[in-house]
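**Q** My questions all concern the structure below.
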Amino acid sequence: MPRRQHITLLMILGASAFFGIFFVTFFRGTPEGARSADFFLSREAPQSGHVDDNLLHTEAKAPKLENATLKAELGHAAWKVLHTMMAKFPDKPTEDDSAALKSYLHLFARLYPCGECARHFQKILKKFPPQVASRSTAAAWACHVHNEVNKSLKKELFDCSNIGDFYDCGCAKDEEPGTEKVKDKGGFTKLQLEKEGLTRGG
532 MPRRQHITLL
542 MILGASAFFG
552 IFFVTFFRGT
562 PEGARSADFF
572 LSREAPQSGH
582 VDDNLLHTEA
592 KAPKLENATL
602 KAELGHAAWK
612 VLHTMMAKFP
622 DKPTEDDSAA
632 LKSYLHLFAR
642 LYPCGECARH
652 FQKILKKFPP
662 QVASRSTAAA
672 WACHVHNEVN
682 KSLKKELFDC
692 SNIGDFYDCG
702 CAKDEEPGTE
712 KVKDKGGFTK
722 LQLEKEGLTR
732 GG
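Okay, here's the thing in structure tokens:
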């Protein structure tokens with residue numbers, strides 16, 4: 532009888548040692564905060580650098596934006612960001628640049644906070660996929676899809692032949708002193724920062 536107890540005890544100790552060594556080996560290289568279940572799930576995801584098509588093309592789930600003023604302000608700001616981004620996109624983008632912009636546009640459409648606008652833009656993206664071969668094709672594509680939205684809203688269409696000049700982010704070469712334009716083509720006064728002396732309280 533005592534022999535069986537020793538064998539059972541040795542088996543339990545052996546199994547404990549095996550699992551202990553396995554546990555220590557498994558966690559040896561992981562950072563301190565990386566021992567949660569979420570970390571292990573994310574480690575299993577592919578690390579290819581490209582976004583999964585299911586993530587890009589899932590239908591937008593944002594609710595309808597009822598406030599017309601907020602909806603219009605959001606739309607103006609969104610188009611300003613998109614057109615300025617296209618104006619600064621590289622003339623000769625790398626494959627990664629093109630993939631990043633294409634992914635951004637699909638994610639932008641999916642996450643846009645106006646649900647009906649997002650779903651409409653997703654339909655436009657499906658009909659007119661993003662053109663990201665160069666700055667000029669990206670800018671022309673953005674102008675075209677903006678006009679598609681304008682058509683659906685019964686708004687005036689923009690002349691896309693001027694799109695390259697229209698959205699300047701202010702990142703161009705510095706102009707010679709005294710040659711600055713007072714107003715640009717859109718009728719907006721360009722901001723000029725001047726260093727001022729100290730004011731009261733400062």
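Per our numbering, the sequence shown starts with residue 532, numbered consecutively. Where a beta carbon is used, it is the ideal one built from N, C-alpha and C, also for glycine.
1) Using only CA atoms, which one of HIS677, CYS691 and SER692 lies nearest to LYS685?
2) Taking one C-beta from the region 654 to 668 and one from the region 598 to 616 each time, how about it: are there three or more such pairs within less than 8 Å?
3) So, at 6 Å on beta carbons, what are the nonlocal neighbours of GLU597 in its own chain, with the 5 sequence-adjacent residues on each side left out?
4) Taking the runs of the beta strand (DSSP E) that are 3 residues or longer, which of them lie wholly in the region 638 to 701?
5) What residue does the alpha helix (DSSP H) around LYS619 start on, and which one ends it?
6) Would a check of beta-carbon distances place ARG650 closer than 9 Å to chain C?
7) Looking at C-alpha atoms only, which residue of LEU636, CYS645, GLU647 and VAL680 is the closest neighbour of GLN662?
8) Using DSSP with H/G/I as helix, E/B as strand and the rest coil, what is GLU590?
9) Is HIS651 closer than 9 Å to SER692 when the C-beta atoms are compared?
10) Taking Cβ to Cβ, would you say PHE639 is nearer than 9 Å to ALA673?
11) Taking the alpha-carbon positions, what's the GLN578 to GLU626 distance?
12) So which of PRO621, LYS592 and GLU590 has the shortest CA-CA distance to ARG666?
13) Taking its Cβ as the centre, do 16 or more other Cβ atoms sit within 10 Å of MET542, making it buried, or is it exposed?
**A** To lay it out plainly:
1) Checking every option, the nearest Cα to that of LYS685 belongs to HIS677.
2) No contact exists between the region 654 to 668 and the region 598 to 616.
3) Cβ within range, chain order: n/a, list empty.
4) Within the region 638 to 701, no complete beta strand (DSSP E) run reaches 3 residues.
5) If you look at LYS619, you'll find it in the alpha helix (DSSP H) that goes 599 to 619.
6) No chain C is part of this structure, which consists of one protein chain only.
7) Among LEU636, CYS645, GLU647 and VAL680, the Cα nearest to that of GLN662 is on LEU636.
8) The three-state secondary structure of GLU590, taken from DSSP, is coil.
9) No; because the gap between Cβ atoms is not below 9 Å, this pair is not in contact.
10) Contact flag unset, no.
11) In this prediction, GLN578 has a pLDDT of 46, which is less than 50 and means its spatial position is unreliable; what the coordinates show is noted afterwards. Spanning the alpha carbons of GLN578 and GLU626 requires a straight line of approximately 17 Å.
12) Comparing Cα-Cα distances from ARG666 to each of PRO621, LYS592 and GLU590, the minimum goes to PRO621.
13) Burial call: exposed.
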